[in-house]
Every structure is written in C-alpha cells, then in structure tokens.
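One line per chain: the protein sequences are A and B, in this order.
Residue numbering for the first sequence follows my numbering, beginning at 4 and increasing consecutively.
Residue numbering for the second sequence follows my numbering, beginning at 2 and increasing consecutively.
Glycine included, every Cβ here is placed at the ideal spot set by N, Cα and C.
These numbers were taken from a predicted model, which means no experiment stands behind them.
Reviewing the structure listed below.
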Amino acid sequence: MVQNYRLDKIGLVNREKKLSFKFNGKKYFGYEGDTLASALIANGVHLVGRSFKYHRPRGFFGAGVDEPYAIVQLYRNGETEPNVRATEQELFEGLEAKSVNCWPSVNFDIGAINNFLNIFLPAGFYYKTFMWPRSFWYRIYEPFIRKAAGFGVASKEHDKERYEHKYEYCDLLIAGSGPSGLASAYAAAKNGARVILAEDKPRFGGSLLTSDVSINNQSGKEWADNIITELKGMTNVTVKNRAQIFGYYDHNMLVMSERVTDHLPKSEEFTPKQRLWYIRAKQVVISSGSIERPIVFGNNDTPGVVLASAAKEYMKVYGVLVGKKPIVFTNNDSAYETAIEFKKNNINPIVLDSRQDSNSEIVKEAKSLGIDIKFSHVVVAAKGYKKVKSCDIAEISEDKQNLNQIKNIECDCICVSGFWTPTIHLASQSGGKTKFKEEIDAFVPDKSKQKEVTLGSANGVFTLEETLKTSFDKGFELSKEITNNNNSQQIPKVSEKKHSKHDKFWCVPLPKGKKYKRFLDFQNDVAVSDIELAIREGYRSIEHVKRYTTLGMATDQGKTSNLNGLQLVSNIENKVVPAVGHTTFRPPYTPISIGAIVGREIGKHSKPTRKSPMHNWHEKNNAVFVDAGVWLRPRYYKRGNEGLFEASKREAENVRKNVGVCDVTTLGKIDVKGPDAAEFLNRVYTNAWLKLPVGKARYGVMLREDGIVMDDGTTTRISENHYHMTTTTAQAANVLSHLEYYLQLVWPELDVNVVSTTEQWAGAAIAGPKSRDLLQKLFPDTDVSNEGLPFMGFVEADLFGVNARIFRISFSGELAYEVNVESDNGNFMWEKIIEIGKDFDLQPYGTEALSTLRIEMGHVAGSELDGRTIPYDTGLDGLVSKKKDFIGKRSLLKKAYNEKDRQRLVGVVPLDKKTSIPEGSHLVKDPKGKLPNPKLGHISASCWSVEHNNPFSLAILKDGKNMIGSKLYAMSPLKNKTIAVEIVSSHYVDPKGERVRS
Amino acid sequence: MLYIKCPHCGLRSQNEFAYGGDASVKRPELNKEISDQEWDEFVYLRKSPRGKHLELWHHVSGCRQWIKVLRDTSTHEIFNTYKSEEKVG
C-alpha cells in the first residue's frame, strides 16, 4: 500500500527502515520513528474512533499528549492495553491496534444513532434519567451505563510484563526538554549541579524541532541535538526521553513515568516495560511548554480538523501531510508557520485570519510566498461526516458578533489555532498560585509554593530570545545556590521572527437558523449548548459546571478544552475569566498505567512472606498453609483424603488423648531488659508484676489508654533484670511501638530497653497428657516433674547439645510446654521432638486444631480481643489489679464499662448438637422479629468440640453473665441460617483448670 | 510524600515513619486522682489546628525513635524536628 500522504524530503523518520503494522485488521506500512498516528495519516487513514457520547467519527486532533481523539486498543506481544493515544505510541514492527467505542466497526457504528438522538442526551442526561425508578438501577441502568462507558477494554489476563520503581535524588529536576529546559539544564549542569532532564516524547528539543529559528547560526534542532549530546556525556546529568513527570507532590517529590520498552515489539529480558521514578529534587524547573488551543466553530470535531501546530509537527517531524487542500484558521501569527510549511511542500493553503490585519514579519513572508490570506474571515462550520470535505466560511464583523454572506469552499483539512495555553499543571499541583495573564488569555504560574520555577512558554513567554536568556540565568542561579560554583555560560545569539498580537477571539457565532454542534471537549462530547444549559439550570461554580457537563473530565483532562470552557462561562455570566477561576489541577498529568503504579509489588512480592525454620519440614509432611499476618503457618497436616475438618479434628483429639506438637515460632517475642523492667511491666500490664520470681512466667493483659484490651501473652523472668515477653502474632509490631512510646516519651526515667526477638527464637508447643513423658525423654538431665517444673515454671535446659528454654505454659488447656531454641536450631529441635514423640503417639497439629483446643477451653484470642472489648467482656477482669495503676486503668471506671448488663464472653451450643454456627452470626431472642432485629451479641469463634463431639462456639453477649442456660437464636443472613442455641459457660472443657496443673 | 529530618538519622522519606499525633499531650501521672473530664480530654480530645502543629512521628523503619516534628498542617512545611527528650519552644 502506498503512503499517499508521505512527503519525500522532510521529517526525522528513518526511511531506510520500513515497518508493517495492522489497524482494524488491515495491513499498512510506516517508518521507524513514526507514531501510530503519523503512520496512519501517511496512509490516508483519518477515521480512527468514535466519540464517547454521540459516537461521532473521530480522527486526529493533536500530535502528542493532548490528543483527545485517537485512542486505540493496542495489542503487543500477546497482551492488550486500552486507552493508548495513537499520537504517543511509537510504531514498531508488527504493531496491532483497533478502534474503540464503536460496534460493529468504526465505519459503521450503531451507537452513532446517539448523534441523531442528541436532543435527548443533553448535559446531565445521566443524572436526570437514571434516577428513577429506583428498582431499575441494578438490572437496567447500571449495565447500560457500564456498556456505554469507557473506551478500551482492560485485559482480564494477568499482566506478564515487568514494571519497576526507582528512587532518585538530584539538585535540579527539569520537566521538559524544549528551549527553556535545555538551556536551564545546560547552565546548571555546567555549574556542577546534579541534573535530571526529562522529556515525554522520544525526541528531545520540544518546539525547537519544528520552529523556524536559528541559535548561534544553527537550526533549533541542531542546537538542541548538540546540547543533548553534551549533557548525555556528563556524569552529573541524567537525561531521559519517553519520560513524563506527571505529579508534583509534597516536599519537592515528583513522580515520573518512563516508558522504557513501550516502543519495542516486546520487552527485552530483564528490562521493564515501564519504570516509575520517585524523584526528590532540591529545585525543580518546569519547562513543560504550552498547548495550542482550538477555536470553536460548527462541527469542529469532524475528522480532518486538527491543531495547526500538530499539522506542522506531522510535516516537519514525520514528513506527513494531514491534508492536501488545507484551510488554516487562526487568530494569531503562529499558524502562519504551518501555512508556510505547507507552501514549502508544494501545497497551497488558504489562511483565514480572524484579525482585521497583521503586518508582522511572518505574515509578510506568507504573503510574499503567494499564500492566499483572508483577514476578518472565519470557518463557520466544517462539512463532511467521516472526513472534512469542505467548509462554510464567512467574513466576520469587527465586534465578532455578525457573519456576512456564507461561502462554501472545498478543503480536506482545517488547521486551527486559537493561540497558546501554558501547561501549568505541575506548577499548580505543587500548591502554587496561578494568575490570569490578559495578553495571552490564559493562566500562568504566580507565586510558587515549593522550590520550583516555571520557564518559557509554560510561563507565558513566547519569544525564544527571552526564554533562552531567563533559562540560562535561572539554571546558573539555582545551581550556584546548591554547588557554590560560579561557571556561567554565554547566552547564545538567537534569530527569530517577531510576532504581532493575537486576536481575543475563540468562538465563531452560529449563523441564523443553524444548529451546528460546536464542541469544547472533544473526548466527552461537551458542546457549547451543554454549558449554556448547565448555566441555565443554575450551576455557577466552575467545579460544578465541570462535573455536571463532564467538561474536561475525559482521559485528556481537558488539555485542549478547559480554557475555552472558562471563556464561555465567563461570557454567559458576564464576568472575566479570572473571576470564574479554573478547576483544580491534580496528578497525574497524563494517564499512568496501573502496572507502573503497582511496580514489583505483585503476588508474593506485595508483602514479605515469613517462614519458620521448620517450614521445609511442614511442607514435606503435607502441611496445608494459611496466612497468619505475614507468616505462613501450617493449618493442618493432610493425611490421605482428609479435608480441613477431619484433619483438624484428628489432630485436636490426639492432643487431648496423647500429645501433639505445634510450631509457635510466629508468636511475637520482645526482650525487656533493665533495672526498672519489673516496674515497667507493672505499668504496662493490668496485673501485678513486681513479685514475679526469676524462673517463673505469668500471663498478662495490656490495655490501650481507652481501656480496650490491646494484647495478651505470657512474660517470663529469665533473670533478675531480663524478661522475655510474648505477644500475639498479629500484634507483635504494635506492642513494640507501644512499649517504645511509653519508654521514650512518657516515662523516660525508667531504665529499660526493649527489642524484638521474634526472629531469634524457634518455638514448639508440646501439649497433651503425655507431654511430660515426652519432655523427660527430650531432656533426660532436667527435672521436668510437676515439682521440678511446675505450671508457669521456666528452666533453661540442654537438648542434645543445643541450648533450649522450656516454659510450662498452655494455650490448649492441656498439660503443655513450649520449647524455644535459637532459630538456627529450630529444625533440629522439631525433628528430635517428632522422632522421640513417636513412642508417645505424637502428631503435629496446625492452627485449626490449635483454635479448636483454645475455643473449647474458653481461652480468648484475636477474635475476642478485637479492639472493641474491655477485660470484663472477655472474662479477664480477674487479672485487673485494684491496687496499682497501669495504662488504661482510669478508663475502666467509665459508666458504660460498668453497666450491670455489660456484654461478656459465653459459650454457645446448638440445641440439635449438630449444626455448626457460622462465625459472625448474631444472637437474637426472636428469629422472626422485625428488622432490624435487636442484636444481643455475636459469635466470635466456632469449632467442633472434640471433647464433647458437638459444635461449640464462643460469643460476646449482652448481660452474658446472667444468660447462662437461656435459649436464643444464632442468625446468619449471610449463610441464610437460623440456629436455636443454648448459652453455656465459656469454659466447656476442664472448667477448673486441673489439666494444666497436673 | 513528606521529607522528614530525623534528628538521629537525617532526612528520610515519610514512608519510613508512622504518625503519632499531638506531641503536646501529656499523660496524667500514675496514681493521681483525676476527674472524668480531664481523663476523657487526655484520651479522646485533640485539637486539629490549621497551621503550626507539634506532633510525634515514630521512625519505625529506621532508628525506632519517637521524634517531635513542628509542621504546618495546611502547607506541610516542616519548621524543625526534635529528639523526644528535647524541650520545644
């Protein structure tokens, strides 16, 4: 296929390298250095999509990040990506893309019927229509909106590409490599500053690539190339292309998205697709340039209507013509560069200039080239449906209110220029103020809030000479403050054409009797009439008008539409633009892929996975693991065809009957050391600690200052000034921070140190009636008799040459011990226990059996200590000292905490002794009560009691103390279950606690 | 993301720290008779000033020290940072 719109001798693409690609299934060719947009235009393809609301045909409007139309679905290396801007996507061999928002095809789109129904789809249509009737929402409205909304389709597959994050620091971060960016980067780098220069396009140079200027007798592009080459060779400079700085956050942290391999057919091995940079900069230079804004006229969204600057860029960078019969419609001088470029390539443009006259250098040049210029002329409306075929033009009166006789002239594109809008997004995101600059009809940065400066056309400066001067000066000045060096550079000599004033004209009036749609926001189909309607309906704040009409809310975030919208609102309201104000600029400046935001934090990389030293043994012995915080713990050890229920039941039964061993390495452990350790514990825990002898453990409960239980666990006095504290697995980190808070800030006079030792010790709980016999065999030289090692006793002992700590503590309610060894010896300990345990019918048990054992014993855990319960609620009030003060004690005097019918821990058994009660079920009196049925309590934990062989649950129940013996109902709407239950004591097994002391 | 100068470690990004609330709150002394109102004020009531605020931050992923930070709550400007034992103002 011939590239009919490709020019021969102009452009920066590599004509030596031809690339094939497919668009909507059809094969085309382009060149290396093309974007998908330029390659399609070269092939005469101008219809690439359909608009959001009316499904009107869409072509190309810009040539870069501001593109509102050409959004495609991209297919690359077996993956698909929605919402890709064709103007930014570089061409690679084998690229495939499809149009979005059209069905069955872009040429014949059924949704386009909306275009003819548009009187029924005004601003706020969705708000007005889908409100009523309410019952229609889920089944009819929502599916409809979901189908209609959005452009592309997100892949449901796992993204196989690699995305990375990087943290970087620099003296000067420069956003944009146009003249101001290059000049400030060069001046600062030469003065010794560490500089990062970021350019979102593949090519450096910004406007220098297309403007007709000379710097030090070189063309703008040559000068830019030389500066970039020199900067790249400097060790204190990082230069990045395809890198968009999209967010300016607090304390001069900016985030940049680098499209590392998006321009290649596939990512190279070990290379990410995209990389997100978090950059902390001492100073920031915002040299983000400006975006041309359109003039609003009838059917101004027809494919073939493009920005004049984009038409010029397509010619000068890509060697591509957007049309062969161009109309250039402008209110200023800059579009004449586009007209002249057409002329140089043997195309005859017609210039319509809304101004009455202009005698600037560039207009004179255009005239001398013989270009047809019609002053005081405007485009009234574009004609043609899928591509511009002609346009209605007219002479306009001086006050811009009236049109003279309308003429139709043939054309195939309309290059429009309504002057320039500085890209102030980053400056505004940093928290800086903006001000309206009358001369340019646009906002520019005012006082900056953070350490940043905005230069060049982003600051409303449109002459190269002034831009280069201030940028060289600023780059030097900022770097001098940081480096104290004094190497300034000579400012180069510039030659450029002087421009005359632009015309404050932005919207062509409708001719009498015509109802052309005049669009402001091209992606969201917001027309002049929509804004007028919103104002008529009473919307005044620009933020409200924006949300009601969706002006500027599309993926391009109104880069080409916002200012014209503001002009319109201020015209209707008879205000000036600064009085209307602009909507808030928020990051990201351009859409950022979810993959880049997530980076490497996916799957197992999203959080650390902590494994006990015995993990491999568990794995080999058919453990089924469960996440416990960041730890992996065996939930049960599968035998044969067992499921969770059978296996955990077998394991728990074996503990009650023989002996079991459980990996308890994950418990939090904190060393508390120092002469004041006992006093500190006495303040932290609710019970008394001053008299705990060396070699003894004690169970303790700690509260928050508001009286809520924070955590529980045993703490053992290892030696005079050394305590070993244990916490629950989940609360370990919080408890350490809590202790540090009190030691460092509240009681700094206490001579105590705390440090986490969770990782240093491996733990095994040995529980069951035969546990002492097993222990004696493991530690033949240690007296582990009931007298030698009584309940809550502690000894240090020798485990076949390895130092071990034995704590006689029990969570299962059986005679039990916990053995700790240094982590490196954990597996040795475990294998010894398993080996010797064989004689005692020992089985390992997992967290599920552990839960069963503690639940039927009425021991509380995280599901009862849930951040809503005080000691009384969980039956721990016996551990609250009346004599001494401690953290949170004063709160326990609260009236609500002392009500007679205060909630309390109880046991719950189903009357049929068969039906398990779902955790989270509510306890109610009347199962048929009117909703909301008064809730008396909730089921906190459920198990199959192995002792009684029936279901058993724990619950926190209002007036639980006096409810023992009463009959209630457990209701779980989630599981659709209602179960008749009896309230019993929470101590369902061994209520006197004899076994642990046996 | 804030850039906080830990008085022990130097400038570090906010994600190394945990916020700890108003640093001017003083815990009532132990074993002291105190009214319900005074206690409730200590436990629950915090000012939420717009402007300068002396607050606690815990350098959890660093030196594990609690530090004081004088910060403007509306602009996020950090005027100074202090060790836990330093008197401020």
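| Item | Value |
| --- | --- |
| If I follow the unbroken alpha helix (DSSP H) through aspartate 395 of chain A, where does it start and stop? | Looking at the DSSP string, aspartate 395 of chain A is not in any alpha helix (DSSP H); the run it does join, the beta strand (DSSP E), is 393-399. |
| In the DSSP assignment, find the alpha helix (DSSP H) that holds aspartate 476 of chain A and state where it starts and stops. | 467-486 |
| Strictly under 7 Å for the Cβ-Cβ distance: is arginine 893 of chain A near chain B by that measure? | yes |
| Give me the residue from B/Tyr83, B/Pro50, B/Lys53, B/Trp40 with the minimum Cα distance to glutamine 66 of chain B. | B/Tyr83 |
| Can you pull the chain A residues whose beta carbon is under 9 Å from the beta carbon of tyrosine 4 of chain B, in chain order? | Asp253, His254, Asn255, Met256, Arg283 |
| Could one say the Cβ of leucine 1057 of chain A lies closer than 7 Å to chain B's Cβ atoms, at least one of them? | Because chain A spans 4 through 1001 in this model, residue 1057 of chain A falls outside it and cannot be assessed. |
| For a contact defined as C-beta to C-beta under 9 Å, what are the partners of tyrosine 744 of chain A on chain B? | Gly21, Leu57, His59, Trp67 |
| Take the Cβ of arginine 539 of chain A as the centre, count every other Cβ of all protein chains shown within 10 Å, and call the residue buried at 16 or more, exposed below. | exposed |
| What whole-angstrom Cβ distance do isoleucine 231 of chain A and isoleucine 282 of chain A have, given they're in contact under 8 Å? | Not a contact, Cβ separation roughly 19 Å. |
| Looking at the C-beta of glutamate 160 of chain A, does it have a partner C-beta in chain B at a distance below 7 Å? | no |
| Output, in chain order, the set of chain B residues within a Cβ distance shorter than 8 Å of glutamate 708 of chain A. | Arg28, Phe43, Val44 |
| Say whether chain A places a C-beta atom closer than 7 Å to the C-beta of leucine 31 of chain B. | yes |
| With a threshold of 7 Å between beta carbons, is aspartate 915 of chain A in contact with chain B? | no |
| Tell me the rounded alpha-carbon separation between isoleucine 74 of chain A and arginine 88 of chain A. | 5 Å |
| In chain order, what residues of the same chain have a beta carbon less than 6 Å from the beta carbon of isoleucine 248 of chain A, not counting five sequence neighbours either side? | Ala178, Ala201, Leu257, Met259 |
| Alpha carbon to alpha carbon, how far is aspartate 69 of chain A from aspartate 203 of chain A? Give it in angstroms, no decimals. | 12 Å |
| Quick one, are the C-beta atoms of arginine 857 of chain A and phenylalanine 814 of chain A less than 7 Å apart? | yes |
| If we count Cβ pairs, one from each stretch, closer than 8 Å, do we get three or more for the stretch 480-492 of chain A versus the stretch 507-515 of chain A? | no |
| Assess, as a yes-or-no matter, whether the stretch 910-918 of chain A is touched by the stretch 977-985 of chain A under the definition of 3 or more beta carbon pairs within less than 8 Å. | yes |
| Compare the C-beta of histidine 77 of chain B against all C-beta atoms of chain A and say whether one is closer than 7 Å. | yes |
| With which residues is proline 448 of chain A paired in a DSSP beta bridge? | A/Thr437 |
| Please report whether the beta-carbon of aspartate 174 of chain A lies at a distance below 7 Å from any beta-carbon of chain B. | no |
| Report yes if the CB atom of valine 667 of chain A is closer than 7 Å to the CB atom of alanine 770 of chain A, and no otherwise. | no |
| When you compare only the Cα positions, how much space is there between tryptophan 947 of chain A and leucine 845 of chain A? | 21 Å |
| Measuring CA to CA, which of A/Ile399, A/Asp253, A/Arg278, A/Ile374 is closest to asparagine 334 of chain A? | A/Ile399 |
| Using only the alpha-carbon positions, how far apart do lysine 193 of chain A and lysine 101 of chain A sit? | 47 Å |
| Check whether the Cβ atoms of glutamine 526 of chain A and proline 85 of chain A lie closer than 7 Å to each other. | no |
| Could you please give the first and the last residue of the uninterrupted beta strand (DSSP E) stretch that includes phenylalanine 378 of chain A? | 375-378 |
| Please tell me whether aspartate 888 of chain A has its Cβ less than 7 Å away from any Cβ of chain B. | yes |
| Using a cut-off of 7 Å between C-beta atoms, extract the partners of arginine 686 of chain A located in chain B. | Leu31 |
| Does the beta carbon of serine 85 of chain B sit closer than 7 Å to a beta carbon anywhere in chain A? | yes |
| Taking Cβ positions, are glycine 891 of chain A and arginine 707 of chain A nearer each other than 7 Å? | yes |
| Do the CB positions of tyrosine 470 of chain A and isoleucine 294 of chain A come within less than 7 Å of each other? | Correcting the residue type first, residue 470 of chain A is threonine in the shown sequence and not tyrosine. No, the Cβ-Cβ distance between threonine 470 of chain A and isoleucine 294 of chain A is not below 7 Å. |
| In chain B, which residues lie with their C-beta within 9 Å of the C-beta of proline 591 of chain A? | Near proline 591 of chain A there are no residues of chain B at all, since even the closest Cβ is about 15 Å away, more than 9 Å. |
| Is it a yes or a no for the stretch 831-839 of chain A touching the stretch 772-784 of chain A, going by three-plus beta-carbon pairs under 8 Å? | yes |
| Give a yes or no on whether the C-beta atoms belonging to glycine 677 of chain A and valine 758 of chain A are separated by under 7 Å. | no |
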